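Participant: Its first residue numbered 13, the sequence shown is counted upward by one per residue in this note's numbering.
Next up is a structure, given as C-alpha cells.
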Amino acid sequence: MLCAECPRCHRRSILGKPSADITDQTAPEPPAGAKLRCDFCGSKNVKLIRFDSPMEALRFANTRGTTQN
Numbered sequence: 013m014l015c016a017e018c019p020r021c022h023r024r025s026i027l028g029k030p031s032a033d034i035t036d037q038t039a040p041e042p043p044a045g046a047k048l049r050c051d052f053c054g055s056k057n058v059k060l061i062r063f064d065s066p067m068e069a070l071r072f073a074n075t076r077g078t079t080q081n
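See below:
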C-alpha cells in the first residue's frame with residue numbers, strides 16, 4: 013500500500029495500492045511540477061511511504077505524528 017505524510021501538518025493519507033510496474037529502484041529526476049502537495053496545508057514536501065499490508069497502512073493513517081525511521 014502506498015501512503016503519504018505531510019511533515020508540516022502531519023496529515024496522513026492512504027493513496028492506494030501501487031501498480032506492479034512500480035519498483036523501489038532509483039528513478040531519474042521527475043518532470044517539472046511532479047511533486048505531491050498536501051491538500052490540507054499546501055506543503056510541497058509530502059513524503060511517500062510504502063507498506064506491505066493494508067492493515068499496516070490503516071494503522072499508519074489512523075496515527076497522527078511523525079514517522080519513525
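For each residue, glycine too, the CB sits at the ideal point set by N, CA and C.
None of these values were measured; they are calculated from a predicted model.
#1: Indicate the three-state DSSP secondary structure (helix, strand or coil) for residue 24 in the structure shown.
#2: Keeping to the same chain, check which residues put their C-beta closer than 6 angstroms to that of residue 56; ignore five residues upstream and five downstream.
#3: Answer with buried or exposed for residue 81, where buried requires no fewer than 16 other C-beta atoms within 10 angstroms of its C-beta.
#4: Within 10 Å of its beta-carbon, does residue 24 have 16 or more other beta-carbons around it, so buried, or fewer, so exposed?
#5: Just the C-alpha distance for residue 73 and residue 22, rounded to the nearest angstrom, thanks.
#6: Tell me the DSSP secondary structure of residue 48 in three-state form.
#7: Where does residue 76 sit, in a helix, a strand or coil, going by DSSP?
Facilitator: Once the coordinates are examined:
#1: Position 12 of the sequence shown holds residue 24. Of the three classes helix, strand and coil, the one that applies to residue 24 here is strand, per DSSP.
#2: The residue you call residue 56 lines up with position 44 of the sequence shown. Only 47, 49 meet the Cβ criterion.
#3: On the sequence shown, residue 81 is found 69 positions in, with the first residue counted as 1. Because residue 81 sits at a pLDDT of 46, beneath the cut-off of 50, its placement in the model cannot be relied upon, and the following sentence gives the value as read from the coordinates. Residue 81 is exposed by the Cβ-count criterion.
#4: Taking the sequence shown and counting its residues from 1, one reaches residue 24 at position 12. By the neighbour-count criterion, in which 16 or more other beta carbons inside 10 Å mark a residue as buried, residue 24 falls on the buried side.
#5: Here residue 73 refers to the residue found at position 61 of the sequence shown. Here residue 22 refers to the residue found at position 10 of the sequence shown. Their backbone Cα atoms lie some 10 angstroms apart in a straight line.
#6: Position 36 of the sequence shown, counted from the start, is the residue given in the question as residue 48. Coil at residue 48, not helix or strand.
#7: Position 64 of the sequence shown, counted from the start, is the residue given in the question as residue 76. DSSP places residue 76 in coil when its eight states are reduced to three.
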